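Shown next, in structure tokens, is the structure this report addresses.
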Amino acid sequence: MKYKLIAMDLDGTLNNDDKIITPRTVEKLMQAQAQGVRLALASARPSPGLFRERDALDMQNHRGILMSYNGGRIVDAGTNEVLYETSMDLEETRFVLRELEKLPVTPILDDGKQFFVTDKNGYKVDYECWNNRMTCTEVDNLADFIDFAPIKILMSADPAIIEDVQKTIAAFLPESLTVVKTAAFYLEVIPRIINKGQGVRDVCRAIGISPEEVIAFGDAPNDIPMIEAAGMGVAMGNADDRVKACADYITLSNNDDGIAAALDIFLN
Numbered sequence: 016m017k018y019k020l021i022a023m024d025l026d027g028t029l030n031n032d033d034k035i036i037t038p039r040t041v042e043k044l045m046q047a048q049a050q051g052v053r054l055a056l057a058s059a060r061p062s063p064g065l066f067r068e069r070d071a072l073d074m075q076n077h078r079g080i081l082m083s084y085n086g087g088r089i090v091d092a093g094t095n096e097v098l099y100e101t102s103m104d105l106e107e108t109r110f111v112l113r114e115l116e117k118l119p120v121t122p123i124l125d126d127g128k129q130f131f132v133t134d135k136n137g138y139k140v141d142y143e144c145w146n147n148r149m150t151c152t153e154v155d156n157l158a159d160f161i162d163f164a165p166i167k168i169l170m171s172a173d174p175a176i177i178e179d180v181q182k183t184i185a186a187f188l189p190e191s192l193t194v195v196k197t198a199a200f201y202l203e204v205i206p207r208i209i210n211k212g213q214g215v216r217d218v219c220r221a222i223g224i225s226p227e228e229v230i231a232f233g234d235a236p237n238d239i240p241m242i243e244a245a246g247m248g249v250a251m252g253n254a255d256d257r258v259k260a261c262a263d264y265i266t267l268s269n270n271d272d273g274i275a276a277a278l279d280i281f282l283n
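With positions in the sequence shown counted from 1, the corresponding number in our numbering is that position plus 15.
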């Protein structure tokens, strides 16, 4: 199979644990682009949170694709054209935010340009702002404040209780929404129709290729739909066991050039 698109999660996959793309991985991905293979960054982050990796891989000049919000917004990296976007219902968003006030979580909203929180010192707020290179505005109450329809509600929580919190949230969500775990300390409420697998299919339709022509890399449970949708789904060596179980191939870890190692096999 000749692969035409490489879709990659960022943290724990493309990036090593120091949040950088290793030189060998950069070199291999640049070689792939030179051969006409397109790259897609697939992340739960807001769009600005993908710009650092976009620039490191010169994706603007190689027809790259940015899949932010788990595929909730898909953008052509070269033209900035929005190829696909969906969002939550505003009233449902307010309902969820009020329910979250009863739980041990720190909700973090964004409008694609900046974050909004009720406590700038809340758990992982500084990290999220730094990781996405976005500013943060403190408001009194998120449910009262919000006047836009977001793509997601991000929330941080203690890893020791996060899966119990996830179950609690799932029990009160409207049918149109779901809650996914995107990191050891992050949950996200998103429209049920959004996932990275659907994002890959949307990208394929937009650029005129088949999902069978996609090789996808991931490490976390929210990467599973993408791993399953791609013709070749690759789990990182450091991936969650659930990701490894559904993958076609398991490569080395994100700290050991796992993407480059797999591409040495599947692109040659």
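From the three backbone atoms N, C-alpha and C, an ideal C-beta is built for every residue, glycine too.
Treat the numbers as computed from the prediction; the structure is a model and nothing was measured.
**OP:** Check each candidate in Glu116, Glu114, Val154 and name the one with the smallest Cα separation from Asp125.
**Re:** Ranked by Cα distance from Asp125, the options Glu116, Glu114, Val154 are led by Val154.
**OP:** Using 10 angstroms around the beta-carbon of Asn273, count the other beta-carbons present and answer buried if the total reaches 16, otherwise exposed.
**Re:** The amino acid at residue 273 is misidentified as Asn; the sequence shows Gly. Buried: at least 16 other Cβ atoms inside 10 Å.
Original post:
Could you give the distance in angstroms between the alpha-carbon of Ile177 and the alpha-carbon of Leu169?
Top reply: Distance between the alpha carbons of Ile177 and Leu169 is about 13 Å.
**OP:** State the Cα-Cα distance for the pair Leu188 and Val111, rounded to the nearest angstrom.
**Re:** Linking Leu188 to Val111 through their CA atoms gives a straight-line distance of about 7 Å.
**OP:** Identify the continuous beta strand (DSSP E) that holds Arg53 and give its terminal residues.
**Re:** Arg53 -> beta strand (DSSP E) spans 53-57.
**OP:** Quick one: give me the first and last residue of the alpha helix (DSSP H) that Ile280 is part of.
**Re:** Secondary structure note for Ile280: its alpha helix (DSSP H) is the uninterrupted segment 273-281.
**OP:** Along the alpha helix (DSSP H) that carries Val97, what are the first and last residues, could you check?
**Re:** No alpha helix (DSSP H) holds Val97; the beta strand (DSSP E) holding it covers 97-100.
**OP:** Step through the CB atoms of chain B and report whether any lies within less than 8 Å of the CB of Arg257.
**Re:** Here there is only one protein chain, and chain B is not present.
Subject >> Contact set for His77: own chain, Cβ-Cβ below 6 Å, skip 5 residues either direction >> reply: Non-local C-beta neighbours of His77 in its own chain, meaning closer than 6 Å and more than five positions away in sequence, comprise Gln48, ordered along the chain.
**OP:** Report yes if the C-beta of Asn95 is less than 7 Å from at least one heavy atom of the ligand FMN; otherwise report no.
**Re:** Absence of the ligand FMN from the depicted structure is noted, as is the absence of any ligand whatsoever, leaving it without description.
Original post:
If Ala164 sits next to Arg109, beta carbons under 8 Å apart, how far is it from one beta carbon to the other, in whole angstroms?
Top reply: 10 Å between Cβ atoms; not a contact.
**OP:** Take Ala276 as the anchor and find which of Leu29, Thr193, Met16 has the nearest alpha-carbon.
**Re:** Nearest in C-alpha terms to Ala276, of all of Leu29, Thr193, Met16, is Leu29.
Subject >> Local conformation of Asn237 per DSSP, three classes >> reply: In the three-state DSSP reduction, Asn237 falls in the helix class (H, G or I).
Original post:
If Thr101 and Ile209 are in contact, beta carbons under 8 Å, what's the gap, nearest whole angstrom?
Top reply: Between Ile209 and Thr101 the Cβ distance is about 6 Å, and since that is below 8 Å, they are a contact.
**OP:** May I ask which residues mark the beginning and end of the beta strand (DSSP E) holding Tyr201?
**Re:** From DSSP, the beta strand (DSSP E) with Tyr201 extends over 201-206.
**OP:** Assign Gly214 to one of three DSSP states: helix, strand, or coil.
**Re:** In the three-state reduction of the DSSP assignment, Gly214 falls in the helix class.
Original post:
How would you label Gly51, buried or exposed, when you count the other beta carbons within 10 angstroms and need 16 or more for buried?
Top reply: Residue environment: Gly51 is assigned as exposed (fewer than 16 neighbouring CB atoms within 10 Å of its CB, all protein chains considered).
Subject >> Coil, strand or helix - Tyr84 by DSSP >> reply: In the three-state scheme derived from DSSP, where H, G and I count as helix and E and B as strand, Tyr84 is classed as helix.
Original post:
Since Lys43 is in the alpha helix (DSSP H), which residue starts that stretch and which ends it?
Top reply: For Lys43, the enclosing alpha helix (DSSP H) begins and ends at 38-49.
Subject >> Contacts around Asp73, its chain only, beta-carbon distance under 8 Å, and the 5 residues preceding and following it disregarded >> reply: These residues qualify, in order along the chain: Met45, Gln48.
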